[in-house]
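The next block holds one structure in the form of structure tokens; read it before the comments.
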Amino acid sequence: MLAKSFVWLSAIMMLDGICGKMQYVTVNGQIGCNDKSVSKAKIELKEHDAIGVDDTLNSTSSDSSGRFHLFGQENELLAIEPYVRIIHNCDGGKINPVCSCFC
Numbered sequence: 005m006l007a008k009s010f011v012w013l014s015a016i017m018m019l020d021g022i023c024g025k026m027q028y029v030t031v032n033g034q035i036g037c038n039d040k041s042v043s044k045a046k047i048e049l050k051e052h053d054a055i056g057v058d059d060t061l062n063s064t065s066s067d068s069s070g071r072f073h074l075f076g077q078e079n080e081l082l083a084i085e086p087y088v089r090i091i092h093n094c095d096g097g098k099i100n101p102v103c104s105c106f107c
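Quick note on this note's numbering: the sequence shown kicks off at 5 and runs consecutively.
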């Protein structure tokens, strides 16, 4: 049963690479907290996968103005499901609803 599942999963992954289409996503944004720019925040452009670990399409850090630009591409059979993950230390790591990302 496990071998059958592995073969089926392998076939789906092959189809994805062969029959899939290249899809692109671009994100421009600015990160701010309490009316101040957040520099050196790590920003990751990721793509959700139903099976397995999500793909990291690209990553960067915000500049001194809190601005960032990310571009990514993925070859998928179905529509990609991109999302942005922001890792920062705004307010010393405390959750603050005033912190925002203008993407």
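Where is the CB? At the ideal position from N, CA and C, for every residue including glycine.
Could you check where the beta strand (DSSP E) with residue i kicks off and where it finishes?
| i | result |
| --- | --- |
| Glu51 | 46-51 |
| Cys37 | 25-37 |
| Ile154 | Limits of the chain in this structure are 5 at one end and 107 at the other, which puts residue 154 out of reach. |
| Ser65 | 59-65 |
| Leu74 | 71-80 |
Rounded C-beta distance between residue i and residue j? I'm assuming under 8 angstroms.
| i | j | result |
| --- | --- | --- |
| Lys25 | Asn93 | The Cβ separation is near 39 angstroms, so there is no contact. |
| Gln34 | Gln77 | About 23 angstroms separates the two Cβ atoms, so there is no contact after all. |
Residue i and residue j: beta carbons closer than 8 angstroms?
| i | j | result |
| --- | --- | --- |
| Ser63 | Glu85 | no |
| Ser43 | Asp59 | no |
| Ser65 | Lys50 | no |
| Thr30 | Phe72 | no |
Within the same chain, show all residues whose beta-carbon is closer than 6 angstroms to that of residue i, passing over the 5 residues directly before and after it, in chain order.
| i | result |
| --- | --- |
| Met41 | Sequence inspection shows Ser at residue 41; the Met mentioned does not correspond to that position. Ser69, Gly70. |
| Ile55 | none |
| Asn32 | His73 |
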